[in-house]
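Undergrad: Numbering (numbering that gives the first Met the number 0), first residue to last: 0 to 487.
Glycine included, C-beta positions come from ideal geometry on N, C-alpha and C.
Supplied in structure tokens, the structure appears directly below.
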Amino acid sequence: MDLSPGEIRVLGYLKRNQDRKTRESDIKIDDMNTREISSSVSWLETKGYVKTSRLTASTWKLGSEGTKYLEDGLPELRAIKLMIDQGSISLKDLSAKIGPDEMKIALAQLAKFGIRPSAGSLSAPPNGADVLSKIEERQSLLGKLKDGLSDFSLISDFRGRENVIQEIKSNERTVELTDMGLKLQLEQGQKDLLGEVTTEMLLSRSWQGKDFRKYDLNAHVEKTYTAYVHPLTSLIQKIRKIFLGMGFTEMPGHYIEYTGWNMDALFIPQDHPAREMQDTFYLKSDTKPEFEHPEILKSVARVHEKGVKSYPGWGYKFNMDEAHRLVLRTHTTVSTIRSLYENPEPPVAVFSVERVFRHESVDWKHLAELHQVEGAVYAKDANLSTLKGLMRHFYHELGFDDLDFIPSYYPYTEPSMDVVATFNGKEIELGGSGIFRPEVTIPAGLKYPVIAWGLGLERLAMFLYDLKDIRDIYNSDIEWLRHFQAKM
Ligand code: PHE
Numbered sequence: 000m001d002l003s004p005g006e007i008r009v010l011g012y013l014k015r016n017q018d019r020k021t022r023e024s025d026i027k028i029d030d031m032n033t034r035e036i037s038s039s040v041s042w043l044e045t046k047g048y049v050k051t052s053r054l055t056a057s058t059w060k061l062g063s064e065g066t067k068y069l070e071d072g073l074p075e076l077r078a079i080k081l082m083i084d085q086g087s088i089s090l091k092d093l094s095a096k097i098g099p100d101e102m103k104i105a106l107a108q109l110a111k112f113g114i115r116p117s118a119g120s121l122s123a124p125p126n127g128a129d130v131l132s133k134i135e136e137r138q139s140l141l142g143k144l145k146d147g148l149s150d151f152s153l154i155s156d157f158r159g160r161e162n163v164i165q166e167i168k169s170n171e172r173t174v175e176l177t178d179m180g181l182k183l184q185l186e187q188g189q190k191d192l193l194g195e196v197t198t199e200m201l202l203s204r205s206w207q208g209k210d211f212r213k214y215d216l217n218a219h220v221e222k223t224y225t226a227y228v229h230p231l232t233s234l235i236q237k238i239r240k241i242f243l244g245m246g247f248t249e250m251p252g253h254y255i256e257y258t259g260w261n262m263d264a265l266f267i268p269q270d271h272p273a274r275e276m277q278d279t280f281y282l283k284s285d286t287k288p289e290f291e292h293p294e295i296l297k298s299v300a301r302v303h304e305k306g307v308k309s310y311p312g313w314g315y316k317f318n319m320d321e322a323h324r325l326v327l328r329t330h331t332t333v334s335t336i337r338s339l340y341e342n343p344e345p346p347v348a349v350f351s352v353e354r355v356f357r358h359e360s361v362d363w364k365h366l367a368e369l370h371q372v373e374g375a376v377y378a379k380d381a382n383l384s385t386l387k388g389l390m391r392h393f394y395h396e397l398g399f400d401d402l403d404f405i406p407s408y409y410p411y412t413e414p415s416m417d418v419v420a421t422f423n424g425k426e427i428e429l430g431g432s433g434i435f436r437p438e439v440t441i442p443a444g445l446k447y448p449v450i451a452w453g454l455g456l457e458r459l460a461m462f463l464y465d466l467k468d469i470r471d472i473y474n475s476d477i478e479w480l481r482h483f484q485a486k487m
């Protein structure tokens, strides 16, 4: 394999250098910077001429307290000196002399020599001179550290005192010639092969008469990974395409909603358990955004209290304050009712793939922040068969053909159905669906049926990507991501 001029020079350096192992940082070559040297070493390694290994080493430097103690003396040193000078010292005096924080440190350190206060004062112990000399050694270590210390035997005295001395770990590469590298004869002249032509060379014509290095078509190239979209993003893109292909329009929405929209307009009773603090994130806010379309709340209140037509309502006194509480939206069906209210010209076919929030404890199957897929159609002739047909098409595009529709319950739809798919012999609950109740459509001024369905995106991803834990979608383990890309 051909060697570049840089590689030849690094090899030459290593051959001249008698050491078997050389620190990479010790390699000094004229006109080559450390990055160039390092890259040549890497190439030489992939070509088999050198072997590298990592050398971890520790050095120490003074921490912020260390710098202070270098001037003032270590607290334990100041304390023992006072004790020896005065025979004994009360903690009160000690604190006044060296400071309360320093006293605490001094007490902790002296305790390691068996020196402890009794009756509120410290007395010089019989072996005081001994302790003093040990602590003085410590103190002198601080001075040595400042000048760059090579003998680390005393460092253990400072274990656990990171503010006094700080360890700096370095991770260095060492380089060693392999047998192949040792055997390789660097031909005279090989060094003079030109690997590039610079402007200067062209101007001075110095390239003339020189030989050029050949292209090495077999040169080893390190594997690089290009960027791909994240699996969840790719699933979202796929779902968007399906809806757009069905002629649906993506609807806007808000992370923060009034309960008036998120719940009341959807005929969710004001005492519904899902409204409890343990299920929903309520927001504290002094400044509240304007409640858009406040007029709808009047008709919503009337329906909750008295019902509409032959539908009886909930029969309680509607609480307007409750409707004005802010929440992180708990589902995207809120975007459907809002969009239809704001654009009530049938036919309307809308969808969204958006984030919702639930006050859940997070575990292998639950997330507190997740995405919902939502689709809805408002049209004169929309009915249950339309809904089933749309869902069959939608889920077919996602790869599910064996579907069961199971009667279910949502406060805002009647009838309601859950969709269960059988896939590779396994059953998976895909999501909910139904036809909006008149208690929802009438106060919103909607004349025709609204059919709607929704599903959780992460649950779907978990199933499609065969994950055991829903959180793994967000862990973004690099091996998993690469493995996933390989399959795309
Ligand atoms: N909003 C329901 C959910 O959060 C799903 C759903 C959407 C149900 C539309 C009926 C109609 O699970």
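Among Gly455, Asp1, Tyr257 and Ser155, whose alpha-carbon lies nearest the alpha-carbon of Ala367?
TA: Indexing the sequence shown from 1 puts residue 367 at position 368. That would be Gly455, whose Cα lies nearest to the Cα of Ala367.
Undergrad: According to the neighbour-count rule (16 or more other Cβ atoms, all chains shown, within 10 Å of its Cβ), is Asp362 buried or exposed?
TA: Numbered from 1 along the sequence shown, position 363 holds the residue referred to as residue 362. By the neighbour-count rule (16 or more Cβ atoms within 10 Å), Asp362 is not buried but exposed.
Undergrad: How far does the alpha helix (DSSP H) with Ile304 in it extend, from its first residue to its last?
TA: As a first step, residue 304 must be located in the sequence shown, where it is residue number 305. In the sequence as presented, Ile is not what sits at residue 304; that position holds Glu. Residues Glu294 to Lys305.
Undergrad: Excluding five sequence neighbours on each side, which residues of the same chain lie with their C-beta closer than 7 Å to the C-beta of Met416?
TA: Here residue 416 refers to the residue found at position 417 when the sequence shown is read from its first residue. Hits under 7 Å: Phe404, Ile405, Pro406, Ser407, Ser432 and Gly433.
Undergrad: Could you please give me the residues that DSSP links to Lys425 through a beta bridge?
TA: Locating residue 425 in the sequence shown gives position 426, where the first residue counts as 1. Note: Lys425 sits in a beta bridge opposite Phe422.
Undergrad: Do you know offhand how far Pro99's Cα is from Ser57's?
TA: Along the sequence shown, one-based indexing puts residue 99 at 100. Along the sequence shown, one-based indexing puts residue 57 at 58. In a straight line, the C-alpha of Pro99 is about 33 Å away from that of Ser57.
Undergrad: Apart from the five residues just before and just after Lys76, which ones in its own chain have a Cβ nearer than 6 Å to its Cβ?
TA: Locating residue 76 in the sequence shown gives position 77, where the first residue counts as 1. It should be pointed out that residue 76 corresponds to Leu in this sequence rather than to Lys. Excluding residues within five positions, the ones whose Cβ falls inside 6 Å are Ile134 and Gln138.
Undergrad: CB of Ala451 to nearest heavy atom of the ligand PHE: below 7 Å?
TA: Your numbering for residue 451 matches position 452 in the sequence shown. Because some heavy atom of the ligand PHE lies under 7 Å away, the Cβ of Ala451 counts as near it: yes.
Undergrad: Starting from the C-beta of Leu81, find all residues in its chain whose C-beta is less than 7 Å away, skip the five residues before and the five after it, and write them out in chain order.
TA: Here residue 81 corresponds to residue number 82 of the sequence shown, with the count starting at 1. The answer, listed in chain order, is Ile88, Leu93 and Lys96.
Undergrad: Spatial neighbours of Phe247 within its chain, please: CB distance less than 7 Å, with the 5 preceding and 5 following residues excluded, ordered by chain position.
TA: Position 248 of the sequence shown, counting from 1, holds the residue named residue 247. Counting only residues of its own chain and dropping the five nearest sequence neighbours on each side, Phe247 has a CB closer than 7 Å to the CB of Ala348, Val349, Phe350 and Gly374.
Undergrad: Pull up the distance between the alpha-carbon of Ser155 and that of Glu171, whole angstroms please.
TA: As a working mapping, residue 155 is identified with position 156 in the sequence shown. As a working mapping, residue 171 is identified with position 172 in the sequence shown. The alpha-carbon atoms of Ser155 and Glu171 are separated by roughly 24 Å.
Undergrad: To the nearest angstrom, how far is the alpha carbon of Val196 from that of Asp476?
TA: The residue given as residue 196 occupies position 197 in the sequence shown. The residue given as residue 476 occupies position 477 in the sequence shown. Distance between the alpha carbons of Val196 and Asp476: 44 Å.
Undergrad: Since I believe Ile295 is in contact with Tyr340 (beta carbons under 8 Å), could you give me their beta-carbon distance rounded to a whole number of angstroms?
TA: Position 341 of the sequence shown, counted from the first residue, corresponds to residue 340. Position 296 of the sequence shown, counted from the first residue, corresponds to residue 295. About 6 Å; that satisfies the 8 Å criterion.
Undergrad: For Val163, report the span of its beta strand (DSSP E) as first-last.
TA: On the sequence shown, position 164 is the one that residue 163 refers to. Note, Val163: premise wrong, no beta strand (DSSP E); not H, not E.
Undergrad: Could you please give me the residues that DSSP links to Asn356 through a beta bridge?
TA: Residue 356 sits at position 357 when you count from the first residue of the sequence shown. In the sequence as presented, Asn is not what sits at residue 356; that position holds Phe. Answer is Glu368.
Undergrad: With respect to 7 Å, is the separation between the Cβ of His330 and the closest non-hydrogen atom of the ligand PHE below this value?
TA: The count along the sequence shown starts at 1 and reaches residue 330 at position 331. Answer for His330: yes, Cβ within range of the ligand PHE.
Undergrad: Could you tell me whether the Cβ atoms of Thr55 and Val174 are closer together than 8 Å?
TA: Along the sequence shown, one-based indexing puts residue 55 at 56. Along the sequence shown, one-based indexing puts residue 174 at 175. It is not a contact, given that the beta carbons lie outside the stated cut-off.
Undergrad: List the endpoints of the continuous beta strand (DSSP E) containing Arg274.
TA: Working through the sequence shown from its first residue, we reach residue 274 at position 275. Looking at the DSSP string, Arg274 is not in any beta strand (DSSP E), and its letter there is neither H nor E.
Undergrad: Could you tell me whether the Cβ of Gly72 comes closer than 8 Å to any Cβ of chain B?
TA: Structure shown: chain B not included; a single protein chain is present.
Undergrad: By Cβ distance below 7 Å, which residues in the same chain neighbour Phe280 in space, the five residues on each side in sequence not counted?
TA: In the sequence shown, counting from the first residue as 1, residue 280 sits at position 281. Spatial neighbours of Phe280 in its own chain (CB-CB distance under 7 Å, excluding positions within 5 residues in sequence) are listed in chain order as Val326, Leu327, Phe356 and His358.
Undergrad: Three or more beta-carbon pairs under 8 Å between the stretch 25-35 and the stretch 8-17, yes or no?
TA: Result yes; three or more Cβ-Cβ pairs closer than 8 Å.
Undergrad: Where does the unbroken beta strand (DSSP E) through Ser139 begin, and where does it stop?
TA: The residue you call residue 139 lines up with position 140 of the sequence shown. Run containing Ser139: none in the beta strand (DSSP E); it sits in the alpha helix (DSSP H), Gly127 to Lys145.
Undergrad: Buried or exposed, going by whether 16 or more other CB atoms sit within 10 Å of the CB of Arg436?
TA: As a working note, residue 436 is residue 437 in the sequence shown. Arg436 is buried by the Cβ-count criterion.
Undergrad: Which residue from Lys287, Lys60, Phe317 and Val418 puts its Cα closest to that of Arg301?
TA: Counting from 1 along the sequence shown, the entry for residue 301 is found at position 302. Cα-wise, what sits closest to Arg301 is Phe317.
Undergrad: So, are the CB atoms of Ile79 and Leu131 less than 8 Å apart?
TA: Sequence index remark: in the sequence shown, residue 79 carries index 80 (1-based). Sequence index remark: in the sequence shown, residue 131 carries index 132 (1-based). Against a cut-off of 8 Å, the Cβ pair of Leu131 and Ile79 comes out as a contact.
Undergrad: Could you tell me whether the Cβ atoms of Ala451 and Ala264 are closer together than 8 Å?
TA: Numbered from its first residue, the sequence shown carries residue 451 at position 452. Numbered from its first residue, the sequence shown carries residue 264 at position 265. No, the pair does not count as a contact, with Cβ atoms beyond the cut-off.
Undergrad: Give a yes or no on whether the C-beta atoms belonging to Leu185 and Val49 are separated by under 8 Å.
TA: Counted from its first residue, the sequence shown places residue 185 at position 186. Counted from its first residue, the sequence shown places residue 49 at position 50. Not closer than 8 Å, so no.
Undergrad: For Thr329, does the three-state DSSP call read helix, strand or coil?
TA: Your numbering for residue 329 matches position 330 in the sequence shown. Coil.
Undergrad: Using 10 angstroms around the beta-carbon of Val228, count the other beta-carbons present and answer buried if the total reaches 16, otherwise exposed.
TA: Position 229 of the sequence shown, counting from 1, holds the residue named residue 228. Its Cβ having fewer than 16 others within 10 Å, Val228 is exposed.
Undergrad: When we look at the beta-carbon of Met461 and count the other beta-carbons within 10 Å, is it buried (16 or more) or exposed?
TA: As a working note, residue 461 is residue 462 in the sequence shown. Burial call: buried.
Undergrad: As a quick exercise: from Ile427, Pro410, Val376 and Tyr411, pick the residue whose alpha carbon is nearest that of Asp401.
TA: Reading the sequence shown from its first residue, position 402 is the one you call residue 401. Closest by alpha carbon: Ile427.
Undergrad: What's the gap between the Cα of Tyr310 and the Cα of Leu466?
TA: Counting from one through the sequence shown, the residue named residue 310 turns up at place 311. Counting from one through the sequence shown, the residue named residue 466 turns up at place 467. Their Cα atoms are separated by approximately 45 Å.
Undergrad: In the DSSP assignment, find the unbroken beta strand (DSSP E) run with Thr55 in it and report its ends.
TA: Locating residue 55 in the sequence shown gives position 56, counting from the first residue. Per DSSP, Thr55 belongs to the beta strand (DSSP E) from Val49 to Leu61.
Undergrad: If you check the beta carbons only, do Arg160 and Leu192 fall under 8 Å apart?
TA: On the sequence shown, position 161 is the one that residue 160 refers to. On the sequence shown, position 193 is the one that residue 192 refers to. The answer is no: Cβ separation not under 8 Å.
Undergrad: Using a Cβ-Cβ cut-off of 6 Å (strictly less than) and excluding sequence neighbours within five positions of Val163, which residues of its own chain qualify?
TA: One-based indexing of the sequence shown puts residue 163 at position 164. Cβ neighbours of Val163 beyond the five flanking positions: Gly62, Glu64, Gly65 and Phe157.
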